[in-house]
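Here's the structure, in structure tokens; my notes come after.
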Amino acid sequence: MGEDQAAETRAVAGWVLDQILVMLHPFMPFITEELWHAQGTRPYELILAKWPQPEASVDAKAKAEINWLIELVSGIRTARTELNVPPGARLPLYVVTSDEIFARMERNAAALSRLARVEKGADGVIPTVSLQVVVEDATYFLPVEGVIDIAVEKARLAKALEASEKEAKSLEGRLKNPAFVERAKPEAVDKARGDHAHHAAEAERLRAALARLG
Numbered sequence: 001m002g003e004d005q006a007a008e009t010r011a012v013a014g015w016v017l018d019q020i021l022v023m024l025h026p027f028m029p030f031i032t033e034e035l036w037h038a039q040g041t042r043p044y045e046l047i048l049a050k051w052p053q054p055e056a057s058v059d060a061k062a063k064a065e066i067n068w069l070i071e072l073v074s075g076i077r078t079a080r081t082e083l084n085v086p087p088g089a090r091l092p093l094y095v096v097t098s099d100e101i102f103a104r105m106e107r108n109a110a111a112l113s114r115l116a117r118v119e120k121g122a123d124g125v126i127p128t129v130s131l132q133v134v135v136e137d138a139t140y141f142l143p144v145e146g147v148i149d150i151a152v153e154k155a156r157l158a159k160a161l162e163a164s165e166k167e168a169k170s171l172e173g174r175l176k177n178p179a180f181v182e183r184a185k186p187e188a189v190d191k192a193r194g195d196h197a198h199h200a201a202e203a204e205r206l207r208a209a210l211a212r213l214g
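All residue numbers for the sequence shown refer to the numbering used here, where the first residue is 1 and numbers rise by one.
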């Protein structure tokens, strides 16, 4: 590191320390004031220092890309968990979409590999037996043939779906019964409503999981 770089590094470090002291001062007034003056001669007390003002404007394109990445990683993780895909399994990721999305995938390949355990699939026909994850206007495909037992997973999900639908229907019938709603304790009615919402949402999740398998 040259002398100019070293001087710049020291200046930036000093500026950063000052900003930290300024922002900590309302919570730790005495120690920060002491440290403020220990760094050298100051023209004013720390309590009079102005808070740092953000100068950078929001990059709408970068924000949209981060939101896309978060949604895609969350969707892939959810799909993998729902279908019991082994945590260590790396799946190829296929998508038919615009050049812009392909460019996003290239820029975020390392993050997708690390956070979702996927890799860019080879060009060609998308495998038939695949998980499907929809983000914005694109559908992403993750082949699972040979990774999980499709028949077993379909049977497991179908059984769980049947149980959730049965429970949701039972609770719906109870809530439609005026005798129950009017005579039961309010907390019992609230619990039934909460349980119904839970089982209805669970049934919807399981239907989506089954749909992922085609």
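Using N, Cα and C, we set each Cβ at its ideal position, and we do this for glycine too.
By alpha-carbon distance to G194, the top candidate from L206, A49, E172 and A38 is E172. Look at I148 here: in three-state DSSP terms it is strand. Between K159 and L210, the C-beta spacing is not below 8 Å. Its Cα nearest to that of A138, the residue T97 stands out among T81, T97 and I70. The DSSP-derived three-state label of V134 is strand. Check the Cα spacing between G146 and each of S113, L91, R207 and A188: the tightest is with L91. Taking C-beta atoms as the reference points, A208 and A168 fail to come closer than 8 Å. In this structure the segment 56–72 does not touch the segment 19–37; the number of beta carbon pairs closer than 8 Å is below three. T128 is classed as exposed because its beta carbon has fewer than 16 other beta carbons within 10 Å across all chains shown. Setting aside the 5 residues that flank it on each side, G75 is surrounded in the same chain by V133, V134, V135 and Y140, each with a C-beta closer than 8 Å to its C-beta; the list follows chain order. Of R80, P52 and G40, the smallest CA-CA separation from I20 is found for P52. Nearest to A89 by C-alpha distance, out of L115, D4 and H199, is L115. The continuous stretches of alpha helix (DSSP H) do not include P92, which lies in the beta strand (DSSP E) extending over residues L91 to V95.
Each residue's CA atom was taken as its position, placing P143 and E100 some 23 Å apart. Nearest Cα to R77 within the set L131, K50 and A109: L131. For L206, the three-state secondary structure derived from DSSP is helix. Annotated three-state conformation of F30 is helix, per DSSP. DSSP lists V134 as the bridge partner or partners of T139. Under the three-state reduction of DSSP output, K50 falls in the coil class, being neither helix nor strand. In the three-state DSSP reduction, V73 falls in the helix class (H, G or I). In the three-state DSSP reduction, V58 falls in the coil class, being neither helix nor strand.
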